[in-house]
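K.L.:
Pasting a structure below so you can have a look.
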Amino acid sequence: MLTQAQTAGQYFTNDQIKEMTRKVSAEVDLVHQQTQNQRYGSSHIGATAKDISNVVTDAASGVVDIFHGIDKAVADTWNNFWKDGKADGIGSNLSRK
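According to the UniProt record's numbering, the sequence shown is numbered sequentially starting from 1.
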């Protein structure tokens with residue numbers, strides 16, 4: 001059964017997470033290459049510091065989006081667990097004497 005977040009489309013599929021991971025990895029590789037080019041004086045540097053900054057910012061933003069999606073899905077699942085009565089009886093023995 002899907003959570004409310006999932007039925008509303010507010011979650012990331014495994015494929016989306018894999019694709020974002022691939023993009024972040026490629027962007028990190030680009031930053032590494034540009035750093036090496038700058039450090040060792042390559043005559044062909046294809047990106048400015050601003051370009052590299054933008055790549056890193058975009059990658060970080062994507063990672064944050066993934067974690068926000070996961071956090072929301074977990075919160076929705078937790079809230080639905082209690083609201084939908086799935087937790088009925090849990091802890092009830094503690095309140096009865």
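Don't be surprised by glycine CBs; every beta carbon is placed ideally from N, CA and C.
With distances taken between CB atoms, is the gap from Val31 to Val55 smaller than 8 Å?
P.N.:
In this structure, Val55 lies closer than 8 Å to Val31 by Cβ.
K.L.:
Since Val28 and Ala59 are thought to touch, with beta carbons under 8 Å apart, how far apart are those beta carbons, to the nearest angstrom?
P.N.:
Val28 to Ala59, Cβ: 7 Å. Contact.
K.L.:
With a 10 Å radius around its C-beta and 16 neighbouring C-beta atoms as the bar for buried, classify Gln16 as buried or exposed.
P.N.:
Burial call: exposed.
K.L.:
Given that a residue counts as buried once 16 or more other Cβ atoms are within 10 Å of its Cβ, and exposed if not, what is Gln38?
P.N.:
With fewer than 16 other Cβ atoms within 10 Å, it is exposed.
K.L.:
Does DSSP put Gln16 in a helix, a strand or coil?
P.N.:
Three-state DSSP puts Gln16 in a helix.
K.L.:
Mapping the DSSP letters down to three states, classify Thr48 as helix, strand or coil.
P.N.:
Correct three-state label for Thr48: coil.
K.L.:
Spatial neighbours of Ile66 within its chain, please: C-beta separation below 7 Å, excluding the five flanking residues on both sides.
P.N.:
So the list reads Phe12, Ile17 and Met20, once near-sequence residues are dropped.
K.L.:
Taking 8 Å as the limit between beta carbons, can you name the residues of its chain near Val24, skipping five residues before and five after?
P.N.:
Counting only Cβ-Cβ distances below 8 Å, and skipping sequence neighbours, we find Ala59, Gly62 and Val63.
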